[in-house]
Amino acid sequence: MSNASGEVALQLAGSFGCEVVGIHGFNSVMHEGAFRVMEPTLPQEYQQEEILKHQRAVHATLIKVGMEKISLSYLRPLEEDFKKAGVPFRPKVLEGKNFLAINEMIQQEDDGLVVMGAGGFNALERGFVGSVCMRVLRGNDRDI
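When we follow full-length UniProt numbering, the leftmost residue of the sequence shown carries the number 1, and every step to the right adds one.
Here it is, written out as structure tokens:
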């Protein structure tokens, strides 16, 4: 959530007495490839397929847990702002591509209104809507 959209969500929720669910999506699967690239450099005793399978599973778990914690840390400043204002806020993290995670959360929560920033990391100029925002807009029948 951008700073501006966070402020708007806080104002709206405060005015209407609503709870806000802050969402962050993360994609831990994309990091699996990095481990596979490193596999040939592991010592010989780790080159057996059964051991590699175990190491892949351990690596996947560590990455997922780490990314969940990082995602929650992104939501913490918002949570603190909402708490100070006395507005209920619930952080939620979901695994998956960002727009898919947002769309999944919208369906799970049965939200009436979604507030999100219009541009992301790749925003070049004002006036352009980012790809995540566009994909969420196209994938929902909710007010966004």
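Just so you know, even glycine gets a beta-carbon here, dropped at the ideal spot from N, CA and C.
Nearest-angstrom Cα separation, counted from residue j out to residue i
i: K97; j: D141; result: 19 Å
i: H31; j: M67; result: 10 Å
i: Q108; j: V8; result: 22 Å
i: L72; j: R90; result: 11 Å
i: G6; j: E50; result: 47 Å
i: V136; j: I102; result: 7 Å
i: S15; j: V87; result: 10 Å
i: P77; j: R36; result: 35 Å
Rounded distance between the beta-carbons of residue j and residue i, thought under 8 Å
i: M62; j: H24; result: It should be pointed out that residue 62 corresponds to Leu in this sequence rather than to Met. Rounded, the Cβ-Cβ distance is 19 Å, inconsistent with contact.
i: L12; j: A85; result: Not quite, the Cβ-Cβ distance comes to about 12 Å (not below 8 Å), so this is no contact.
Paired residues, beta bridge with residue i - DSSP
i: D143; result: L113
For the UniProt domain "UspA" (8-138), list the alpha helix (DSSP H) runs that are entirely contained and at least 4 residues long, ordered along the chain.
-> 32-38, 49-85, 98-109 and 131-138
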